[in-house]
Structures are given as C-alpha cells and as structure tokens.
Amino acid sequence: MACKVLIVGGTGYLGKRLVKASLAQGHITYVLHRPEIGVDIEKVQMLLSFKEQGACLVQGSFNDHQSLVDAVKLVDVVICAISGVHIRSHHILLQLKLVEAIKEAGNVKRFLPSEFGTDPARMANAMEPGRVTFDDKMVVRKAIEDAGIPFTYVSANCFAGYFVGGLCQPGRITPSRESVILLGDGNQKAIYVDEDDIAMYTIKTIDDPRTLNKTFYLRPPANILSQREVIGIWEKLIGKVLEKSTISKEEFLIAMKSQDYAEQVGLTHYYHVCYEGCLTNFNIGDEGEEASKLYPEIKYTTVEEYLKRYL
Ligand SMILES: NC(=O)c1ccc[n+]([C@@H]2O[C@H](COP(=O)([O-])OP(=O)(O)OC[C@H]3O[C@@H](n4cnc5c(N)ncnc54)[C@H](OP(=O)(O)O)[C@@H]3O)[C@@H](O)[C@H]2O)c1
Numbered sequence: 001m002a003c004k005v006l007i008v009g010g011t012g013y014l015g016k017r018l019v020k021a022s023l024a025q026g027h028i029t030y031v032l033h034r035p036e037i038g039v040d041i042e043k044v045q046m047l048l049s050f051k052e053q054g055a056c057l058v059q060g061s062f063n064d065h066q067s068l069v070d071a072v073k074l075v076d077v078v079i080c081a082i083s084g085v086h087i088r089s090h091h092i093l094l095q096l097k098l099v100e101a102i103k104e105a106g107n108v109k110r111f112l113p114s115e116f117g118t119d120p121a122r123m124a125n126a127m128e129p130g131r132v133t134f135d136d137k138m139v140v141r142k143a144i145e146d147a148g149i150p151f152t153y154v155s156a157n158c159f160a161g162y163f164v165g166g167l168c169q170p171g172r173i174t175p176s177r178e179s180v181i182l183l184g185d186g187n188q189k190a191i192y193v194d195e196d197d198i199a200m201y202t203i204k205t206i207d208d209p210r211t212l213n214k215t216f217y218l219r220p221p222a223n224i225l226s227q228r229e230v231i232g233i234w235e236k237l238i239g240k241v242l243e244k245s246t247i248s249k250e251e252f253l254i255a256m257k258s259q260d261y262a263e264q265v266g267l268t269h270y271y272h273v274c275y276e277g278c279l280t281n282f283n284i285g286d287e288g289e290e291a292s293k294l295y296p297e298i299k300y301t302t303v304e305e306y307l308k309r310y311l
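Written out as structure tokens, the structure reads:
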C-alpha cells in the first residue's frame, strides 16, 4: 500500500537513492527542501528533477521548528539520511530537532533515522575518535525511544562504493590493476551492499510490521566476504593477480595517528570492520531482522556485479 514518506537529506549520497526508491515503489514521496542550500545549483537542480519524477518538495529548516513540524505532519513515515561521514560532513545530532518535531506532530507511524552503517548499539567499546559516529547515533536512538516514536534502524553495513570500489583499502575508491594492501591477514569477513540496494531494502521495509521497532540488518549472503575474497573476485575479472603487501594492526594504528581528525574517524571504522570483524562477529537476535530473509524475492547486486563497473 502506498505510504506518505518524507525524506530528509534527500540530496545526499544515500538520500537521492532513497527518493528514487520511494518513488519507484509507488509511495507518495516528499523531499525536504532546506532554504539553507541557497544557491547550491546542483542541489536545487536535483530537487527539481525529483519533482519532475513525481516527488513533492516541502520547505523546512532545522532552524525553524514549526517548519519541521508542518513537514512531518504531511506524512506517515520519515526517513532521514543526514550526513554522517566526517570526510564529507557530520550532522547526526541535528536529528534531535527532527525527533522533537516528530514528537510534537504526533502522527508519524515510523521514523528511520540516519544510520545505514555498523549497528551503533554493538559499538560501545569502539575506539576514539571514530566512536563519535556510533555515540551520536545512539544519542538519537535514545531520544527516539524516550519520545515513544515508532522506529526502524537500518544497519546497512559497508557501502559498496567506499569498500568494494577500493578493495577495502581506506582512502581508495577505485580498484587498482597492479597492487593492493591487505589489512592484516585480509581474512576478516565484512558485508558489502550496493547503495541503490540499501535504498531499495530501506523503502521496502517502511510499512512492514516485522521490522517495527527493530534493527533491520542488510546481509546479502553472497556479499559476506573477506578482503582477500573481494580481491580474488577482482583478479578473476581482470585476469591478473595483484601484487600484495600487508599492513599489520599495529602499523595501521600508528599511521592513523598522523592523519587529521576526519581521516582518523574513517580509519577507526575500517579498523573495526577489517581487523576486528565487527560486522559479522554476532548473530542477529530477536531485536533484529535480516533483509534477504524477509525479502528473498529481491535480486540484490553482488560484489562481482558491482566490481564489473570498474572494468
Ligand atoms: N556504511 C557505510 O559504509 C556508510 C558510508 C557512507 C555513509 N553512511 C551513513 O549514511 C548516512 C548518510 O550519509 P551520506 O554520506 O549519504 O550523507 P551526505 O551525502 O554527506 O549528506 C546527506 C545530506 O545531509 C544534509 N545536510 C548536510 N549538512 C547539513 C546541515 N548542516 N543541516 C542540515 N542538513 C544537512 C544534506 O541534505 P539536504 O541538503 O537535502 O537537506 C545532505 O545532502 C549517514 O548516517 C552515514 O553515517 C554509511
């Protein structure tokens, strides 16, 4: 059944895909248009293209509480994809204003905050400085739950563009045809998801009672792979074995210290994923659901298909 959906952060890397997926799945899709984007011509053009595709633009600002209340009053479901990657920008806590607006409006049947990564509830022992991402996301979760707002938290694991594109090497987003650096032994399993698939699964679940007040994990079975396995797929595609070197856990942590703050945040995340296996070292319990089990009919993009784009 068609829902009325408001997407906040709709011009972002993930947000634009959420808008596309929401329209494709037949929902009445509103996209927040913040006056603060001013003369950012690309964002304005993107918003206009959403409108052409059938979305409704709704004015609203994080500096104007009433405008947020009015925007969320229009819909059943609010999805926020506000920025949360330090090398781009990080505004996760701004969502507290959105939570206040949703609470006051009182009509929203489900809120999906900007998560879409590692499950922050499992990262209580994460390292500085990267733990800020998880801590801030947990602050938002607490506000949502304290306000009694129905929610779904999407744990999307690794965006393929960042991790698969760079063969799991931080600071690289295209695969080399010559060499690769293994993080440790390169055998820790991680989970990679095509960004369009993240959006598709997210929209699929917005009115599914099975994911209400739960964490929704995206674990496409064919994409649960170690760095070595990702490299192996690429090597098969290019018909060539890459030269390999290794960076140990200790060397990685020492090198991290000389980077600036934003880089260190990202490197901390790579550390937890690639050296510690934080995405795969637990089973999903009663508080969660897994996307490929709930929606086995969906054909997701495999790592091999994703890597073919770089040929
Ligand atoms: N698992 C992974 O590998 C991975 C990778 C990347 C991101 N993520 C997660 O995905 C989520 C979205 O990240 P993203 O990279 O897609 O974000 P992004 O493209 O950097 O930004 C998304 C949107 O945030 C809004 N925004 C930025 N600054 C703002 C401000 N000062 N005030 C209000 N809104 C502001 C803008 O939306 P409007 O201009 O449309 O309002 C922007 O388009 C985050 O939670 C992030 O942690 C996960």
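Quick note on numbering: the sequence shown equals residues 1 to 311 in full-length UniProt numbering.
Cβ atoms here follow ideal geometry from the backbone N, Cα and C, with glycine treated the same way.
Distance CB(residue i)-CB(residue j) smaller than 8 angstroms
| i | j | result |
| --- | --- | --- |
| Y192 | N223 | yes |
| K103 | P150 | no |
| V303 | I233 | yes |
| I144 | I79 | no |
| H33 | Q59 | yes |
| V77 | C158 | no |
| A81 | S114 | yes |
| E243 | E195 | no |
| V72 | A101 | yes |
| K142 | G277 | no |
| V139 | V265 | no |
| residue 387 | P129 | Not covered by the structure: residue 387. The range shown for the chain is 1 to 311. |
| P209 | S292 | no |
| L68 | L98 | yes |
| F134 | M123 | yes |
| V39 | V31 | no |
| L14 | F116 | yes |
| G12 | S83 | yes |
Alpha-carbon to alpha-carbon, residue j and residue i
| i | j | result |
| --- | --- | --- |
| G184 | G10 | 37 angstroms |
| T215 | F111 | 12 angstroms |
| G288 | E52 | 37 angstroms |
| E290 | Y153 | 12 angstroms |
| L225 | L23 | 32 angstroms |
| Y300 | C168 | 20 angstroms |
| I298 | Y306 | 16 angstroms |
| N125 | R172 | 27 angstroms |
| G161 | N213 | 29 angstroms |
| Q95 | K137 | 9 angstroms |
| A156 | I92 | 16 angstroms |
| P175 | G166 | 5 angstroms |
| residue 320 | L311 | Summary: the structure shown does not reach residue 320, with the chain confined to residues 1 through 311, and so no result is reported for it. |
| G285 | I41 | 45 angstroms |
| M1 | G148 | 24 angstroms |
| I87 | F252 | 18 angstroms |
| Y271 | V85 | 15 angstroms |
| R309 | S248 | 30 angstroms |
| D70 | D146 | 22 angstroms |
Buried versus exposed call for residue i [16 or more other C-beta atoms within 10 Å across all chains shown]
| i | result |
| --- | --- |
| I203 | buried |
| P120 | buried |
| H27 | buried |
| T29 | buried |
| V241 | exposed |
| T205 | buried |
| Q45 | exposed |
| I254 | exposed |
| T211 | buried |
Which listed residue (the options) has its alpha carbon closest to that of residue i
| i | options | result |
| --- | --- | --- |
| L218 | P209, D207, D146, M200 | M200 |
| D207 | A156, E250, L294, T301 | L294 |
| A21 | M123, Q227, N107, A55 | A55 |
| K16 | P35, K43, V39 | K43 |
| F163 | G148, L182, A147 | L182 |
| E250 | V230, R228, L237, Y275 | Y275 |
| E36 | N63, R309, L57, Q45 | N63 |
| F282 | R88, T118, V85, D70 | T118 |
| H90 | E263, Q25, K257 | E263 |
Would you mind listing the alpha helix (DSSP H) stretches within the region 183 to 254 that are 4+ residues and don't spill past its ends, in chain order? The region 183 to 254 contains these whole alpha helix (DSSP H) runs: 195 to 205, 227 to 238.
Those runs of the beta strand (DSSP E) which lie wholly inside the region 66 to 102 and span at least 3 residues: DSSP runs (the beta strand (DSSP E)) wholly in the region 66 to 102: 77 to 80.
Please give the ranges of any beta strand (DSSP E) in the region 24 to 51, keeping only runs that are unbroken, at least 3 residues long and fully inside the region. Fully enclosed beta strand (DSSP E) runs of 3 or longer: 28 to 33.
In chain order, which alpha helix (DSSP H) runs of at least 4 residues are fully inside the region 126 to 181? Counting only runs of 4 or more, we get 131 to 146, 160 to 163.
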